[in-house]
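What follows is one structure encoded as structure tokens, with my remarks underneath.
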Amino acid sequence: MISSSMAQRLRVYVAAGLAVTAGWVAPALAGGAMATGGLTSQPIGHYDFCKLHPGECSIRPTNLAPAPMSDGLMRKLLNVTARVNAAVKPMSDMDIYGKDEVWAYPDKGVGDCEDYVLEKRRQLSRMSISLADLLITVVRKPDGEGHAVLTVRTDEG
């Protein structure tokens, strides 16, 4: 269980754009179950990213158990989210690369939603969190636009 101050910080970060999937977060913040769709195709940007970084996409973990949820893991998630959100300036792929869809690390300090996710995933992986537990999830916003978020697979959901 997390402390009330940690829960308050989580609410603030969720409101600021952090997506953390955990059994105890969803009921408290979502107000109901998330609608899901059917099968979809892989985003072209992800396909191109995987061609450049195959080690990040061909994950074969030996331990299939999800990450254990703890205050320590929550602190890592919150700290990395705050650090990346502060360091990266939002900018569209069209403005950066002249293309609609490019998945890349925001090494120049600018990026769009999937670039934020990739950087958060990279930093959390360096903290010994398995890439198999750091999922890139593409959701559909109410206006129909796609949006990438980082979903963390834990033993609590």
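Residue numbers for the sequence shown follow this note's numbering, so the first one is 59 and each next one is one higher. Quick reminder that beta carbons are idealized off the backbone N, C-alpha and C, glycines included.
Tell me which residues share the same chain as residue i and place their Cβ nearer than 6 Å to its Cβ, disregarding the 5 neighbours each side in the sequence.
| i | result |
| --- | --- |
| GLU172 | TRP161, ALA206 |
| SER186 | none |
| CYS108 | CYS115 |
Which one or two residues does DSSP pair with residue i in a beta bridge?
| i | result |
| --- | --- |
| PRO148 | GLY169 |
| VAL207 | THR195 |
| ALA162 | Bridge partners of ALA162: none, in fact. |
| ALA140 | For ALA140, which the question treats as bridged, DSSP gives no partner whatsoever. |
| ALA125 | THR212 |
So, is residue i buried or exposed, given that buried needs 16 or more other C-beta atoms within 10 angstroms?
| i | result |
| --- | --- |
| ARG133 | exposed |
| ASP129 | exposed |
| THR212 | buried |
| VAL83 | Any reading at VAL83 must be qualified, since the residue scores a pLDDT of 39, below 50, and its modelled position is unreliable; the value itself is stated next. VAL83 should be labelled buried. |
| LYS157 | exposed |
| LYS178 | buried |
| LEU110 | exposed |
| LEU97 | exposed |
| ASP201 | exposed |
According to the Cβ coordinates, are residue i and residue j closer than 7 Å?
| i | j | result |
| --- | --- | --- |
| LEU122 | VAL175 | no |
| LEU182 | VAL138 | yes |
| ASP3 | ASP170 | There is simply no residue 3 to check, as the chain begins at 59 and stops at 215 in what is shown. |
| GLU159 | GLY204 | no |
| PRO126 | VAL146 | no |
Looking only at its own chain, which residues have a Cβ that is under 8 Å from the Cβ of residue i, when we skip the five neighbours before and after it?
| i | result |
| --- | --- |
| PRO124 | ASP191, ARG211, THR212, ASP213 |
> Below 8 Å, can you find three or more Cβ-Cβ pairs linking the stretch 195 to 205 to the stretch 110 to 119?
Replying inline: no
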